[in-house]
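Here the structure comes first, spelled out in structure tokens, and everything after it is commentary.
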Amino acid sequence: MEQEKILKIRNTVEVEVLSEKEYEGSYLCKIEDIDGTNSVHISIPIEKGHYIPLRVGTSIRVNITQKDGVYSFTDHIQKRVMSPYPHFVVKYPQKIHRIQRRNYVRIMLNVPVEFNPVDSDSVFRGVTMDVSGGGVLLVTPKQLEIDQIVYMNFPLTNGVECKKIKSVVKREKLVENQNGSPVKRHYGIEFLEIDQKLRDGIISYLFELQRDRRKNNIDY
Numbered sequence: 006m007e008q009e010k011i012l013k014i015r016n017t018v019e020v021e022v023l024s025e026k027e028y029e030g031s032y033l034c035k036i037e038d039i040d041g042t043n044s045v046h047i048s049i050p051i052e053k054g055h056y057i058p059l060r061v062g063t064s065i066r067v068n069i070t071q072k073d074g075v076y077s078f079t080d081h082i083q084k085r086v087m088s089p090y091p092h093f094v095v096k097y098p099q100k101i102h103r104i105q106r107r108n109y110v111r112i113m114l115n116v117p118v119e120f121n122p123v124d125s126d127s128v129f130r131g132v133t134m135d136v137s138g139g140g141v142l143l144v145t146p147k148q149l150e151i152d153q154i155v156y157m158n159f160p161l162t163n164g165v166e167c168k169k170i171k172s173v174v175k176r177e178k179l180v181e182n183q184n185g186s187p188v189k190r191h192y193g194i195e196f197l198e199i200d201q202k203l204r205d206g207i208i209s210y211l212f213e214l215q216r217d218r219r220k221n222n223i224d225y
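Under the numbering used here, the first residue of the sequence shown is numbered 6, with each subsequent residue one higher.
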């Protein structure tokens, strides 16, 4: 049964709130328990240290990222439980659909980056154009090679420090400037080795940033 291979206790999942405008957006949660083929128990989302009070009847989509893609099912919250731990309950899905989308949400975000090639102690600088849980789009005057391994260091605006993330250069785009300034080099960088807790922290932060931008009608 495909569901048994995908739905596993303690797995991190993305919960999209579909029907409550106030809490619309995506949150990282964990599967806390599975009651056979009857129900799935998922941790209540937390934002800025506070539980999100999703109501019974709220429509949600649960996305589960696997190595071969992203799987999804939709349901309504059947029950909320606060003891022995805060969670909500949805029906065990009869079918899980594989969806076509990037594995990680990608947000336009400018943060300063320091990086060094794996075979060099020299440190170079750049700035991100966007950030995801899987990598960044980096702008730098430093010329890099496709498949080159680099270590990335950058801060997030919530104070989280992303340090020495082993990464690989996947693609390059040269951007010509009209004012005679040096050519900008845009590189698609993919994280190769990153602690899962840090990756989850990046994704959770990006979801929070995305929700804040929607609330403030910032369209980027």
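Every residue gets a Cβ at the ideal spot worked out from N, C-alpha and C, and that includes glycine.
Just so we're clear, the structure is a prediction, and the values are computed from it rather than from any experiment.
For S127, collect the residues of the same chain with a Cβ closer than 8 angstroms to its Cβ; drop the 5 residues on either side in sequence, then sort them by chain order.
N121
Would the beta-carbon of K35 be found less than 7 angstroms away from any heavy atom of the ligand SAM?
Absence of the ligand SAM is noted for the structure shown, with no ligands found whatsoever.
Strand pairing of V18, partner residues [DSSP]
BP columns for V18 point to C34.
Thinking C-alpha only, which one of G41, V67 and F196 is nearest K35?
V67
Where the alpha helix (DSSP H) through Q99 begins and ends
It is not in any alpha helix (DSSP H) - Q99 carries neither H nor E in the DSSP assignment.
Three-way DSSP call (helix, strand, coil) for E27 in this model
helix
At the level of alpha carbons, what is the spacing between Y192 and Y97?
42 angstroms
Coarse secondary structure for S209, derived from DSSP in three states:
Note: S209 maps to helix in three-state DSSP.
For my contact list, H81 and I47 are in at a C-beta cut-off of 8 angstroms; report their separation, rounded to the angstrom.
Contact flag wrong, Cβ pair sits at about 13 angstroms.
Starting from K10, trace the alpha helix (DSSP H) in both directions and tell me its first and last residue.
Where K10 is concerned, the enclosing alpha helix (DSSP H) stretches over E7 to I11.
Applying the criterion that 16 or more other CB atoms from any shown protein chain within 10 Å of the CB defines a buried residue, is V61 buried or exposed?
exposed
8 angstroms Cβ cutoff met for G138 and I208:
yes
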